[in-house]
Structures are given as structure tokens and as C-alpha cells.
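Encoded as C-alpha cells, the structure appears first; notes follow it.
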């Protein structure tokens, strides 16, 4: 089966997208398949950088008239109709999800998002993805042509590098096409934050067991004293006890720290997905029946705020002693 | 301006016991005994739509608010609440089948309702909802309507000139844009996360107002054919996330923290 990995290079997120695609092509996709990258770009100055990022040796280039997914998808649809590719693979971010959905709708193909793995069989794709708020994994058989699949966020490309050589097999310029703006006065307020949570080596996460804003603040101060990054579960963020950019889990950041201390977290799967790659997990909870207790390496049954504060004192004192 | 917010009612999966996830994984968990909740992203969308309508009213822009849910009668209580809060149009589309893993069918019904019945020009949808969590319904609705879609919307505001500006926290960072209607807003992690509660007076004022119930056939959407294309997962497996769960001893928080540090964390922290 021919697989086209779609690298949308119309925004600053291109490098992250290339890593996700490369990671998935290396380890997430199995079965008999040959791979090419479809690089979509708008600004001529980005061309060479994007070629170097492409996750496969062979690549096709399309210069598009617009930067938005709804502007890109037209060119992508024409490309899809001109190829026999059975699988279009997209990174699992917002643009990738929109492109996959719109392309499937326009071509009459199938769409599946957040794939953990894809097996290319002779007549179909066998895909696995989380369902039921990450409580379970579902196996899907996709037989639509083409199938438009996005990667799960766990395919982050850590340690992956692009091929040393690239070969451009097709080069199309459609930038002269009409670009009808979808929105007015578009203003970038903040660049995407370099996620300290995603890169963290030591993470402390406050859950609802912290009780109050004061409890959450005390856990954050203790975390900072220990040199840990600080995150929160969804109930804490949704109660406005901490900023939303601290959110860990399916709708927030995913982290793979060497050490993760959860303080007052219940351990819902949608949260645990965000820390499940941690090397060692400590659960501090008063509820010994909470799911987090069974999913941690070490469990402390007590008040989360008090234990984290005591732990911070011990860690700081030990560091001072050298 | 006609604003429509769509929502979904789902079982509270976090209320299930661990055993429920292992009993008969092939058919999904038994959820009849757990409460039904409003999907959290949809709840933000419903409250943002209310606030936007009030703000537009303050700028002397006529805005009429509608709510739509696709599913069974479990949504009716929420629709009555929305009536009390000021939603003028409250409709449930009865698909006659569960659409949990059929985002394409859900999108077809929403788009058909907008085009054939509601004629709204601003649509607010939650970014995703369980149990399928596909995250594609807003994009598929936008595609069917030929509208643009702004993803991960965190705030919506009315400008003095009567136009609407939205803030989005998507791939490129925090972006603010003035909308060209019609369009779809996919609401993400908004700081506004709770729907207000109506007063008893508000509830009594609309107690006799009926809800509109529309069948899929009236919208000319072939649900059965759609479900053949979107069969959902062929099988399910439970994820084993268990770890040793060694309980740390001690009588006080200080003793437990000390034992945790000495027995587990000391070598780890020395390496960091």
C-alpha cells in the first residue's frame, strides 16, 4: 500500500509535525507499504527547510495559496485524486485533524483520528486508538479509499531524525489560486509555549484532593522548591484553581518525566494518559481505592498537601547537605 | 444573528467501577446505572453562547440563541434548563440509533438541521466528546456547510460594531480573529467551563414550552447507511496500567515523606 505522510508546512508547527509523522512511520505503521511525504507549503522561503524535515526520502511538494487548513485541503484533494495512495497520514494536531476530516469528506474516504498503530493489510487498514476517555483501546477496520488517519499525540518523535537524503519526485505550484480569507484581523497573541510540562524530568501534579486554591498553591510552591515542574488535573483547571496551560492529560499536556508525584489526583484514565510514560509514579492520596493507587509505583495514604510540603523540606535539606 | 450551540449527553464514565471495564469488553461497558452528564466542551460552548448573546444585546445587535442535541430523551432535561436560561430554540434530533462512534452521521444531522431548519449563521460545538472522542465533528459539519471552522476556541466576545471576535488556542499559539459569518467555532479548553444555573422563576416561566423533536428522516439523513460506513470499533480491549502500588509506611505526613524519600526517591532525585 502506498502511504502519503502529509507535512503541513504552512505554520511554525512543521518541525513538530515532521517528528510525529517520522516517529509513526518508523514504529507505528506495520505491514507491506511504501512511503512518501507530501509537503504542503505557502512561503517559498520555507521550501528547503521543509524538504530537509520530510520524514521519508521521497517527497512531493505542493505550494498552496493559503495557510489555513480549509485553504490547503483543496490542493490536497487534487493530489489525492491523482495518486493511488491508500493511506494519507497526518499528525494529530488541530490542523492535521481538520485536514484529515475534510479530505475524507471530499474524497469519500474513511477517517480515523489519534491512531496508536496502523497495520496495512491487503484490503484494509487495522487501526488501534483510545476510546471511552482512554479507558479502552478500540480496534478499527478501515476499508475506505483513501483512508485519512491522524497519529496519536504519544507519537512525538523524541529521538527521531529525518533521513539524510531526500528526493523530490513531484513539485507543484498552486500558489496563484484564489485565497478567500476565512477570518479578519487575525492577531497572534502568544506563540505556542515551549511546553515545560512535556519536557519535564520531575513533575508534581495537583488533583482535586488538594481541596482549595490555597491547597493547590501550596503544592505548586513545594514543587518549585524541589525543582519540579507543576501540573494539574482537569477538575482543578476547570475549577479555575490553576491556569489551563498547566493541564495534564488527554486535553492538555503529555509528559514522560523520570519521576512524577501526583498529589490528590483520582487517576482518571484521561489524566493518566498524560503521565503513563513516567519512569516512576508516586501517588499521594487519602483514597486508597482511587485508581491512581493501583497505577502508581509507590503510594502514600495521607493528606496530599501536607505530604508534598514535608517531602519538599526533606529534598531541599538533602540537597543543602550535598 | 442566529446562534446555535450543540451538545451531547454522555454517561459519566469516571463513575464506573474498575470491574465494569473488564466484564464484557467486546460490547463496551454497562453504563445504565451511572448518571448522565453534559460533555465538558459542550458545556463551555453553551455558556459562551449565552454570554455572547448578552454582549451582542448590549451593543444593540439582535441575536437569537438556539440549542441542539442529537440523541434520546436523556437530553430533554438539559434542553428545558437551556430554555429557562434564555435559549429560544431548543431541539432534539432523534437519530433512532446510537451514534457514539459515528461522527460522520452526527455531522450530517447537525449540518442538515442548520441548513434545512434552523438557518443559524454561527455554530458553537464542543471540540470533542466521548466515547469516540474523534474530534472531527466540528470540521465535518463545517465541510458539509462549506463554512470555515476555528478550532480550540477559548473565548468569544462581541465588538462594539456588532461583529464577533474569537480567541483560539490551536497549533500556532493563542490567536484572536474577527469572524466572517457564517462559521463554526469548535470550543476547546475555555476558562468558562460551567453552565450557569437557572432560577426557579426562570424555570417556571417556561415550564409549558414544548421542546422540538425532529427525526432523522425529516432531515433526509440516512442514518442506517451512515452507520454501515462508520461501524465503530470491531473489538475493544482494556488497557492494563497497573504498577506495583507499594504503600509507604509511617504515622505522620513527615514520617511518610521521609520513608518515601529514603526508600524510593533518593536515588532518582540524585540522578536528576
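Residue numbers (the numbering used here), protein chains in the order written: chain A, 1 to 322; chain B, 1 to 272.
Glycine included, every Cβ here is placed at the ideal spot set by N, Cα and C.
Within the region 202–258 of chain B, the runs of beta strand (DSSP E) at least 3 residues long that lie entirely inside it are, in chain order, 212–215, 235–238. Contact note: residue 238/A reaches chain B through 40, 193, 194, using a C-beta cutoff of 8 Å and chain order. For residue 174/B, the neighbours in chain A by C-beta distance under 7 Å run, in chain order, 189, 190.
Under the DSSP assignment, residue 318/A falls in the alpha helix (DSSP H) whose first and last residues are 304–321. DSSP lists 7/B, 92/B as the beta-bridge partner residues of residue 69/B. One finds 300, 302, 307 in chain A with Cβ atoms closer than 7 Å to the Cβ of residue 256/B, taken in chain order. A straight line joining the alpha-carbon of residue 66/B with that of residue 5/B spans about 6 Å. Residue 152/B: member of the beta strand (DSSP E) spanning 149–158, first to last residue. The Cβ neighbour count for residue 183/B, taken over all protein chains shown within 10 Å, is at least 16; the residue is labelled buried. Per DSSP, residue 147/A is one residue of the beta strand (DSSP E) stretching across 147–151.
With 16 or more neighbouring CB atoms inside 10 Å of its own CB, residue 189/B falls in the buried class.
Look at the region 209–241 of chain B: the residues with a C-beta under 8 Å from a C-beta of chain A are 229, 231, 232, 233, 234, 235, 236, 237, 238, 239, 241. DSSP lists 115/A, 138/A as the bridge partner or partners of residue 129/A. Considered as a whole, the region 149–210 of chain A harbours 196–199 as its complete alpha helix (DSSP H) runs of no fewer than 4 residues, in chain order.
The region 120–131 of chain A and the region 29–39 of chain A touch, with three or more beta-carbon pairs separated by less than 8 Å. Residue 105/A is not a Cβ neighbour of residue 4/A, given a cutoff of 9 Å. A straight line joining the alpha-carbon of residue 92/B with that of residue 167/B spans about 29 Å. Counting only residues of its own chain and dropping the five nearest sequence neighbours on each side, residue 130/B has a CB closer than 6 Å to the CB of 10. Here the alpha carbon of residue 2/B sits roughly 36 Å from the alpha carbon of residue 152/A.
Residue burial is scored here from C-beta neighbours: residue 38/B has at least 16 other C-beta atoms within 10 angstroms and is therefore classed as buried. Distance from the CA atom of residue 166/A to the CA atom of residue 236/B, rounded to whole angstroms, is 40 Å. Under a 10 Å Cβ-count criterion, residue 33/B is classified as exposed, with fewer than 16 other Cβ atoms of the shown protein chains found around its own Cβ. Within chain A, the residues whose beta carbon sits less than 8 Å from that of residue 177/B are 183, 184, 185, 186, 187, listed in sequence order. Using a CB distance cut-off of 9 Å, residue 244/A counts as an interface residue toward chain B.
For residue 53/A, the closest C-alpha among the options 312/A, 7/A, 42/A, 68/A is that of 7/A. For residue 41/A, no chain B residue has a C-beta closer than 7 Å to its own C-beta; the minimum C-beta separation is roughly 15 Å. In the DSSP assignment, residue 219/A falls outside any beta strand (DSSP E) and within the unbroken alpha helix (DSSP H) covering 213–226. Sequence-distant Cβ neighbours of residue 272/A in its own chain, meaning closer than 7 Å and more than five residues away, are 295.
With a threshold of 9 Å between beta carbons, residue 27/B makes no contact with chain A.
What residue 148/B touches in chain A, judged by beta-carbon distance under 8 Å, is 68, 70, 182, 183, going in chain order. Neighbours of residue 248/B across chain A, judged by C-beta separation under 7 Å: 298, 299, 300.
Nearest C-alpha to residue 299/A among 165/B, 256/B, 270/B, 98/B: 256/B. Contact between residue 233/A and residue 205/A holds, with the beta-carbon distance rounding to 7 Å and staying under 8 Å.
In the pairwise beta carbon analysis, the region 151–161 of chain B is classified as not touching the region 213–229 of chain B: fewer than three pairs are separated by under 8 Å. Rounded to whole angstroms, the Cβ separation of residue 149/A and residue 138/A is 14 Å, and the two are not in contact under 8 Å.
Under DSSP, residue 30/A forms a beta bridge with 119/A.
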